[in-house]
Amino acid sequence: MKRVYIKKFLIPAIFGLAIISCSKDIPEIEEKPFVKIDPVPTIIPKGTEKYLNTGSEYIYNQDSVKTYQLIFNDEDLSKLNADPAKEEYVKAALVFEGDTISPVGVRYKGSIGAYAGCLSNPDWTKPSGFKTCVKLSLQVKINWEGRKERFYDLNKLQFHSQNYDKSQLRERLGYWLFSEMGVPAPRSVHARLKVNGELWGLFGLTEEIDNRFAEYFYKNGKGDIYKEVWPVKPTGVVQTDKAFIDALKTNEEKPDLSLIREFGSAFANSTKENAKDLVKKYMDVNQIMAYCVVDRAIRHDDGPFHWYCSDLASCYNHNYYWFEDKKNKKMHLIPWDLDGAFEQISSNNNIVTRIADKWGNISGNCEVFSAGDNLYRQRSAACDKLTGAWVEFRTEYADLKKHLQQNILSDEKTMKQIDIWAKQIEPYIKEADYYYNLGITNEANKKATTPTNWNNAVNTLKNQVKTARTL
Numbered sequence: 010m011k012r013v014y015i016k017k018f019l020i021p022a023i024f025g026l027a028i029i030s031c032s033k034d035i036p037e038i039e040e041k042p043f044v045k046i047d048p049v050p051t052i053i054p055k056g057t058e059k060y061l062n063t064g065s066e067y068i069y070n071q072d073s074v075k076t077y078q079l080i081f082n083d084e085d086l087s088k089l090n091a092d093p094a095k096e097e098y099v100k101a102a103l104v105f106e107g108d109t110i111s112p113v114g115v116r117y118k119g120s121i122g123a124y125a126g127c128l129s130n131p132d133w134t135k136p137s138g139f140k141t142c143v144k145l146s147l148q149v150k151i152n153w154e155g156r157k158e159r160f161y162d163l164n165k166l167q168f169h170s171q172n173y174d175k176s177q178l179r180e181r182l183g184y185w186l187f188s189e190m191g192v193p194a195p196r197s198v199h200a201r202l203k204v205n206g207e208l209w210g211l212f213g214l215t216e217e218i219d220n221r222f223a224e225y226f227y228k229n230g231k232g233d234i235y236k237e238v239w240p241v242k243p244t245g246v247v248q249t250d251k252a253f254i255d256a257l258k259t260n261e262e263k264p265d266l267s268l269i270r271e272f273g274s275a276f277a278n279s280t281k282e283n284a285k286d287l288v289k290k291y292m293d294v295n296q297i298m299a300y301c302v303v304d305r306a307i308r309h310d311d312g313p314f315h316w317y318c319s320d321l322a323s324c325y326n327h328n329y330y331w332f333e334d335k336k337n338k339k340m341h342l343i344p345w346d347l348d349g350a351f352e353q354i355s356s357n358n359n360i361v362t363r364i365a366d367k368w369g370n371i372s373g374n375c376e377v378f379s380a381g382d383n384l385y386r387q388r389s390a391a392c393d394k395l396t397g398a399w400v401e402f403r404t405e406y407a408d409l410k411k412h413l414q415q416n417i418l419s420d421e422k423t424m425k426q427i428d429i430w431a432k433q434i435e436p437y438i439k440e441a442d443y444y445y446n447l448g449i450t451n452e453a454n455k456k457a458t459t460p461t462n463w464n465n466a467v468n469t470l471k472n473q474v475k476t477a478r479t480l
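Take the sequence shown: its position 403, counted from the start at 1, is 412 in our numbering, and no numbers get skipped.
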């Protein structure tokens, strides 16, 4: 691979700056003219670059929308777009505010729903085929091929397409609400992304839950991150070591399962009489109850409290992480994937993700049941031994729910925050509309969210928040 230094890579800057503005409603954005570079070079940092000497707070600053650029070789970009669901990394260069980090690894990412309607195969349950949407969620791996340097103290960047959310605000708002209630949650902002000089539009830039996240939020704790593994099986026994190892996202070379195994075993063998004491022993009660309150208030129905089942042994949940604090022997539940949050507040039209029960309720005597459609069966969350123990903290739940509804979801707090963010991202909604939809009259053929649809979605979100105050 060709090795060059940053001055050579950014030679196009000598030709001056371009002022990018599509219309009077779009902010003028100073950008260096794009010049294709092939192959993607290896750039050796000097050590004085801003990205090496500034913390992650800069990236997740809530006050502005920053622009990121990715530069690919044509062959690699074609490979990426030919089969996004393979989620294989290709090399690229990341350009940000005058610095270039190259090479980095880039791949598409997401669950089944993230690809729905965006691949050539029309069967959304089996994602395959070439890319058909402008935006798909991307992961940029800074520590690719042995790179030691971090990017603003981060190893990865995650650009979420938010194709499913026309307001473009659910994810950011959901994580913000968790944070306001004292639950460590990924930081999320909006970002403008260009690829090989072409505008791809507005994305959610949401923090990766990894060792960088753990060190930022749990400075006094040393431990591990696990993704989507429940410590107790739906049959009531402790989860297997293999499942724990497969879910481990940190220290994979030397896995130490002692705490999470102990945690799972304790609840697998718990009784109604000692379950609350076990929660107090292994968890921060206020934090986990605040998690439950926010999760139910925003109807994160595709999260840890939705048990998808065909039969009891097959039941599973997803869209969460665990942080295992080995020093303090505490387990922390971390929210994830909130693009579908809020939608079930005012309607139950998504039969796939809808949770049938209210918090703490049990249907079907803890058997698997159908909630209006035999294709989608579930089991009540309160039947799970761990969730069932949390349900017993009724006073704490009620007090935190009252605080959320009266103080956090208020006009002065949440509504004001929505208005601030909406004003911040509106120019970029208009920019993408102008760039992709100009001259297209058929609504079905438009490639980007229109300002009208976006405004309607923001107003719907506001109404959902108002409803959440009363439920």
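Every residue, glycine too, gets a C-beta built ideally from N, C-alpha and C.
Item to check | Helix, strand or coil at Trp331 according to DSSP, with G and I counted as helix | outcome: Translated into positions along the sequence shown, residue 331 becomes position 322. Residue state, collapsed to three classes: strand.
Checklist entry - Opposite Ser197 in the DSSP bridges: which residues? => result Within the sequence shown, residue 197 is the residue found at index 188, counting from 1. DSSP output for Ser197 lists Thr215 as bridge partner(s).
Next on the checklist: If contacts are defined as beta-carbon pairs under 8 Å, then Ala91 and Leu128 qualify, I think. What distance do you get, rounded to the angstrom?
Outcome noted: The residue labelled residue 91 in the question sits at position 82 within the sequence shown. The residue labelled residue 128 in the question sits at position 119 within the sequence shown. Rounded, the Cβ-Cβ distance is 11 Å, inconsistent with contact.
Next on the checklist: Do Tyr225 and Lys150 count as a contact pair if the criterion is CB distance below 8 Å?
Outcome noted: The count along the sequence shown starts at 1 and reaches residue 150 at position 141. The count along the sequence shown starts at 1 and reaches residue 225 at position 216. Not closer than 8 Å, so no.
Checklist entry - When we look at the beta-carbon of Asp382 and count the other beta-carbons within 10 Å, is it buried (16 or more) or exposed? => result Numbered from 1 along the sequence shown, position 373 holds the residue referred to as residue 382. Exposed: under 16 other Cβ atoms inside 10 Å.
Next on the checklist: Closest to Pro240 by C-alpha separation, out of Ser87, Thr476, Pro313, Leu202, would be which residue?
Outcome noted: Your numbering for residue 240 matches position 231 in the sequence shown. Here the closest residue by C-alpha is Pro313.
Next on the checklist: If you follow the beta strand (DSSP E) that Val93 is in, where does it begin and where does it stop?
Outcome noted: Residue 93 sits at position 84 when you count from the first residue of the sequence shown. At residue 93 the sequence reads Pro, which differs from the Val that was named. Element bounds for Pro93: n/a, residue is neither H nor E.
Next on the checklist: Closest to Gln426 by C-alpha separation, out of Asp408, Leu182, Ile269, Asp304, would be which residue?
Outcome noted: Residue 426 sits at position 417 when you count from the first residue of the sequence shown. The candidate whose alpha carbon is nearest that of Gln426 is Leu182.
Checklist entry - Roughly how many angstroms lie between the CA atoms of Val481 and Leu321, to the nearest whole one? => result Any question about residue 481 goes unanswered here, given that the chain covers just 10 to 480.
Checklist entry - How many Å lie between Ile417 and Glu154 at the Cα? => result In the sequence shown, the residue the question calls residue 417 occupies position 408. In the sequence shown, the residue the question calls residue 154 occupies position 145. About 44 Å.
Checklist entry - Any idea what DSSP makes of Gln426, helix, strand or coil? => result Here residue 426 refers to the residue found at position 417 when the sequence shown is read from its first residue. Three-state result, Gln426: helix.
Checklist entry - For Thr76, which residues does DSSP report across the bridge? => result Position 67 of the sequence shown, counted from the first residue, corresponds to residue 76. Answer is Arg201, bridged to Thr76.
Checklist entry - Within the present structure, is the beta-carbon of Cys318 separated from the nearest heavy atom of the ligand SAM by less than 7 Å? => result The ligand SAM is not among the ligands present in this structure, which contains no ligands whatsoever.
Item to check | Range of the contiguous alpha helix (DSSP H) that encloses Tyr476 | outcome: Position 467 of the sequence shown, counted from the first residue, corresponds to residue 476. According to the sequence as given, residue 476 is Thr; it is not Tyr. Where Thr476 is concerned, the enclosing alpha helix (DSSP H) stretches over 460-477.
Item to check | Secondary structure, alpha helix (DSSP H): runs of 4+ residues fully inside the segment 103-164 | outcome: 121-124
Checklist entry - Cys324 by DSSP, collapsed to three states: which one? => result Residue numbering aside, residue 324 sits at position 315 when the sequence shown is read from its first letter. Note: Cys324 maps to coil in three-state DSSP.
Checklist entry - Does the Cβ-Cβ distance between Thr215 and Glu180 come in under 8 Å? => result On the sequence shown, position 206 is the one that residue 215 refers to. On the sequence shown, position 171 is the one that residue 180 refers to. Contact: yes.
Checklist entry - CB Met292 to CB Lys339, shorter than 8 Å? => result Taking the first residue of the sequence shown as position 1, residue 292 is located at position 283. Taking the first residue of the sequence shown as position 1, residue 339 is located at position 330. Contact: yes.
Item to check | For Leu208, the three-state DSSP class (helix, strand or coil) | outcome: If you number the sequence shown from 1, residue 208 lands on position 199. Residue state, collapsed to three classes: strand.
Next on the checklist: Let's see if you can read the secondary structure: which residues bound the beta strand (DSSP E) around Ile234?
Outcome noted: Counting from one through the sequence shown, the residue named residue 234 turns up at place 225. Its beta strand (DSSP E) spans residues 232-236.
Item to check | Residues that Met190 bridges to, as DSSP identifies them | outcome: The residue you call residue 190 lines up with position 181 of the sequence shown. DSSP, once it has assigned bridges, lists no residue as partnering Met190.
Item to check | Inter-residue Cα distance where the pair is Phe139 and Leu186 | outcome: Here residue 139 refers to the residue found at position 130 when the sequence shown is read from its first residue. Here residue 186 refers to the residue found at position 177 when the sequence shown is read from its first residue. Roughly 36 Å separates the two Cα atoms.
Item to check | Classification of Ser429 by the beta-carbon crowding that lies within 10 angstroms, buried from 16 upward | outcome: As a first step, residue 429 must be located in the sequence shown, where it is residue number 420. The amino acid occupying residue 429 in the given sequence is Ile; Ser does not appear at that position. Flag for Ile429 reads exposed.
Next on the checklist: Just verifying my parser: in three-state terms, what is the DSSP assignment at Leu480?
Outcome noted: By 1-based counting over the sequence shown, the position of residue 480 is 471. Correct three-state label for Leu480: coil.
Item to check | Residues near Asp255 by beta carbon distance below 8 Å, same chain, minus five either side | outcome: Sequence index remark: in the sequence shown, residue 255 carries index 246 (1-based). Cβ neighbours of Asp255 beyond the five flanking positions: Val238.
Checklist entry - DSSP state of Met298, grouped into three classes? => result Mapped onto the sequence shown, residue 298 falls at position 289. Here Met298 sits in helix by DSSP.
Checklist entry - What are the start and end residues of the beta strand (DSSP E) that includes Lys339? => result As a first step, residue 339 is located in the sequence shown; it is residue number 330 there, counting from the start. Element bounds for Lys339: 339-344.
Checklist entry - So, using beta-carbon positions, are Gln177 and Leu211 closer together than 8 Å? => result Position 168 of the sequence shown holds residue 177. Position 202 of the sequence shown holds residue 211. Result yes, Cβ atoms of Gln177 and Leu211 sit closer than 8 Å.
Checklist entry - What's the C-alpha gap between Ala252 and Tyr329? => result Residue mapping note: residue 252 aligns to position 243 of the sequence shown, counting from 1. Residue mapping note: residue 329 aligns to position 320 of the sequence shown, counting from 1. The straight-line gap from Cα to Cα measures roughly 15 Å.
Next on the checklist: For His169, list the residues DSSP reports as bridge partners.
Outcome noted: Residue 169 sits at position 160 when you count from the first residue of the sequence shown. Gly213.
Item to check | Pair within 8 Å by beta-carbon distance, Ala125 and Val115 | outcome: Within the sequence shown, the letter at position 116 stands for residue 125. Within the sequence shown, the letter at position 106 stands for residue 115. Not closer than 8 Å, so no.
Checklist entry - Which same chain residues, not among the five before or five after Asn164, have their C-beta less than 8 Å away from its C-beta? => result Taking the first residue of the sequence shown as position 1, residue 164 is located at position 155. Cβ within range, chain order: Lys150, Ile151, Asn152, Glu217, Asp219, Asn220, Arg221.
Item to check | The beta strand (DSSP E) enclosing Tyr317, as first and last residue numbers | outcome: Your numbering for residue 317 matches position 308 in the sequence shown. Segment 316-318, the beta strand (DSSP E) holding Tyr317.
Next on the checklist: Run through the DSSP bridge pairs and tell me what Leu99 is partnered with.
Outcome noted: Against the sequence shown, residue 99 aligns to sequence position 90. The question names Leu, but residue 99 is Val in the sequence shown. According to DSSP, Val99 bridges with Val115.
Checklist entry - The alpha helix (DSSP H) with Gln353 in it runs from where to where? => result Working through the sequence shown from its first residue, we reach residue 353 at position 344. 352-355 is the span of the alpha helix (DSSP H), which, as asked, contains Gln353.
Checklist entry - Lys410 and Val302: beta carbons closer than 8 Å? => result Along the sequence shown, read from residue 1 onward, the residue named residue 410 stands at position 401. Along the sequence shown, read from residue 1 onward, the residue named residue 302 stands at position 293. Yes.
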